[in-house]
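Undergrad: Counting with the working numbering, you get residues 8 to 340 for the letters of the sequence shown.
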Amino acid sequence: MFEDKAVLITGGTGSFGKKFARILLEEHKPRKIIVFSRDELKQFDMQQEMNAPCMRYFIGDVRDRERLIQAMRGVDYVVHAAALKQVPAAEYNPTECIKTNIYGAENVIHAALHNGVSRVIALSTDKAVNPINLYGATKLASDKLFVAANNFSGGLKTVFSVVRYGNVVGSRGSVVPFFQKLIDNGSDHLPITDERMTRFWITLRQGVDFVMKSFSRMHGGEIFVPKIPSIRITDLARAMAPELPTKIVGIRPGEKLHEIMCPADDSHLTLEFSDHYVIRPTITFTGRSNNFICNRLGENGEPVDQGFEYNSGSNERFLSIDEIREFNTHTDS
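So this is what it looks like as structure tokens:
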């Protein structure tokens, strides 16, 4: 579906953006790939790796609406991956987080509508579900903006959807490189916030593939959630350094014991498909089908039971220690 199309990735020099661009280059034939981000050094470094004729590198910030409008001219698809994501930084700098994650989302929507972009997918996070920190609250607001944008488009062709998933194995800021750094530096223990803690587990490649598939599936207004396994953080520590003891250090501000991607309060809106869930919008779209039971690929979903919650602690599938080791060796595959 990406053949001869122009694709723009906000936050395109991040872990996801780089992987998404590389897969587009290697497995599809896009007309143009636009990397939109504000860090010139990261763009320079990425350009040394990916300098195909179809690549374009735009310095810009999602806070700058006019720059986004310029960058999206002639673009068919947009992946909105730009965000301020560090929980403690957001708590100390709330206004900056709001400007990027909420006003930036609004600017992406405006620029896409202005340029008649065909499809837009925004990346979300489990932290947007029942948020207890500012980062999660801004991403919830962003999700609501992208869902509601389907009513703003009126007679235009632009449609918007959201993809939500949890921890990407090995991405910047995740626990795997943090543990690995401690191991490499000869630490005598690994810090565990709580021995009950669980997390959803997905590789970067799986995340990219799911977003690409969602472009084909989307009607506009859905929140797509992949079915993925969970891990126990204690098992992760044993998988990475079986000889090291663990030390309980307590839950950090804004941290949860378990991740939730489909909340029980949205169970009346949630559909189960073979390999993913869809959370339908709470609002009704004008002049557009509101039937999300069947997606654009002809796949059919079924309503979940009332009170259903997709929670990393009660997930049906947990990885064993050996499976975690195998999983972690494919962090970029």
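Think of the CB as a built atom: it goes at the ideal place given N, C-alpha and C, for glycine as much as any other residue.
What you are looking at is a predicted structure, and each value in this text was computed from that prediction instead of being measured.
For a test of the three-state rule: what should DSSP assign to residue 327, helix, strand or coil?
TA: Looking up residue 327 in the sequence shown gives position 320. Coil.
Undergrad: How many angstroms separate the CA atom of residue 320 from the CA atom of residue 188?
TA: In the sequence shown, the residue the question calls residue 320 occupies position 313. In the sequence shown, the residue the question calls residue 188 occupies position 181. When rounded, the distance between both Cα atoms is 27 Å.
Undergrad: When the distance is taken between beta carbons, is residue 42 closer than 9 Å to residue 65?
TA: For this step, residue 65 is matched to residue 58 along the sequence shown. For this step, residue 42 is matched to residue 35 along the sequence shown. Yes; because the gap between Cβ atoms is below 9 Å, this pair is in contact.
Undergrad: How about the region 71-80 and the region 233-251: do they share at least three Cβ pairs that are nearer than 8 Å?
TA: Too few Cβ pairs lie closer than 8 Å, so no.
Undergrad: Does the contact criterion of 3 or more C-beta pairs under 8 Å hold for the region 150-170 versus the region 222-230?
TA: Yes, since at least three Cβ pairs between the region 150-170 and the region 222-230 fall closer than 8 Å, the two stretches touch.
Undergrad: Starting from residue 197, trace the beta strand (DSSP E) both ways and give me its first and last residue.
TA: Translated into the one-based positions of the sequence shown, residue 197 becomes position 190. Per DSSP, residue 197 belongs to the beta strand (DSSP E) from 197-199.
Undergrad: Using a threshold of 9 Å, state whether the C-beta atoms of residue 148 and residue 116 are closer than that.
TA: Within the sequence shown, the letter at position 141 stands for residue 148. Within the sequence shown, the letter at position 109 stands for residue 116. The answer is no: Cβ separation not under 9 Å.
Undergrad: Leaving out five residues on either side along the sequence, give the residues of the same chain with a beta carbon under 7 Å from the beta carbon of residue 103.
TA: For the purposes of this step, residue 103 is taken as the residue at position 96 of the sequence shown. Only 91 meet the Cβ criterion.
Undergrad: Which residue spans inside the region 121-156 form an unbroken beta strand (DSSP E) run of at least 3?
TA: Entirely contained in the region 121-156, the beta strand (DSSP E) runs reaching 3 residues are, in chain order, 126-132.
Undergrad: For chain B, is any of its Cβ atoms less than 9 Å away from the one on residue 275?
TA: Protein chains in the displayed structure number just one, and chain B is not present.
Undergrad: Run the CB neighbour count on residue 130, radius 10 Å, all protein chains shown included, and call it buried at 16 or more, exposed below.
TA: Taking the first residue of the sequence shown as 1, we reach residue 130 at position 123. Burial call: buried.
Undergrad: Could you pull the DSSP bridge partners for residue 309 from this structure?
TA: In the sequence shown, residue 309 corresponds to position 302, counting from 1. Looking at the DSSP assignment, residue 309 forms a beta bridge with 279.
Undergrad: Compare the Cα-Cα distances from residue 125 to each of 137, 83 and 58 and report the closest residue.
TA: Locating residue 125 in the sequence shown gives position 118, counting from the first residue. Checking every option, the nearest Cα to that of residue 125 belongs to 83.
Undergrad: From the DSSP output, in three-state form, read off residue 238 for me.
TA: Locating residue 238 in the sequence shown gives position 231, where the first residue counts as 1. Residue 238: strand per DSSP, three-state reduction.
Undergrad: Cutting at 6 Å between CB atoms, please list the residues of its own chain near residue 135, excluding the five before and the five after it.
TA: The sequence position of residue 135 within the sequence shown is 128, counting from 1. Only 143, 146, 147 and 150 meet the Cβ criterion.
Undergrad: Can you have a look at residue 8 and say buried or exposed, based on whether 16 or more other CB atoms are within 10 angstroms of its CB?
TA: Along the sequence shown, one-based indexing puts residue 8 at 1. Looking at its Cβ environment, which holds fewer than 16 other Cβ atoms inside 10 Å, residue 8 is exposed.
Undergrad: Reducing DSSP to helix, strand and coil, say where residue 203 ends up.
TA: In the sequence shown, counting from the first residue as 1, residue 203 sits at position 196. Looking at residue 203 - three-state DSSP - the assignment turns out to be coil, as it is neither helix nor strand.
Undergrad: To the nearest angstrom, how far is it from the Cα of residue 52 to the Cα of residue 45?
TA: For the purposes of this step, residue 52 is identified with residue 45 of the sequence shown, where counting begins at 1. For the purposes of this step, residue 45 is identified with residue 38 of the sequence shown, where counting begins at 1. Going from the Cα of residue 52 to the Cα of residue 45 covers about 13 Å.
Undergrad: Buried or exposed for residue 112, please, with buried defined as at least 16 other CB atoms from any protein chain shown within 10 angstroms of its CB.
TA: Residue 112 sits at position 105 when you count from the first residue of the sequence shown. Answer is buried; the Cβ neighbour count reaches 16.
Undergrad: Which word fits residue 256, buried or exposed, when buried means at least 16 other C-beta atoms lie within 10 angstroms of its C-beta?
TA: Position 249 of the sequence shown holds residue 256. It is exposed - the Cβ of residue 256 has fewer than 16 other Cβ atoms within 10 Å.
Undergrad: Can you tell me which of 322, 195 and 239 puts its alpha carbon nearest to the alpha carbon of residue 250?
TA: If you number the sequence shown from 1, residue 250 lands on position 243. That would be 195, whose Cα lies nearest to the Cα of residue 250.
Undergrad: With respect to the beta strand (DSSP E) encompassing residue 230, which residues constitute its N-terminal and C-terminal limits?
TA: For the purposes of this step, residue 230 is taken as the residue at position 223 of the sequence shown. Where residue 230 is concerned, the enclosing beta strand (DSSP E) stretches over 230-233.
Undergrad: Pull up the DSSP beta-bridge partners for residue 286, would you.
TA: Against the sequence shown, residue 286 aligns to sequence position 279. Paired residue(s): 230 and 277.
Undergrad: I'd like the span of the alpha helix (DSSP H) that includes residue 90, first residue to last.
TA: In the sequence shown, counting from the first residue as 1, residue 90 sits at position 83. Element bounds for residue 90: n/a, residue is neither H nor E.
Undergrad: List the residues that DSSP assigns as beta-bridge partners of residue 269.
TA: Residue mapping note: residue 269 aligns to position 262 of the sequence shown, counting from 1. Looking at the DSSP assignment, residue 269 forms a beta bridge with 317.
Undergrad: Please determine, among 33, 32, 233 and 57, the residue with the shortest C-alpha to C-alpha distance to residue 174.
TA: Residue 174 sits at position 167 when you count from the first residue of the sequence shown. Minimum Cα distance to residue 174 is reached at 233.
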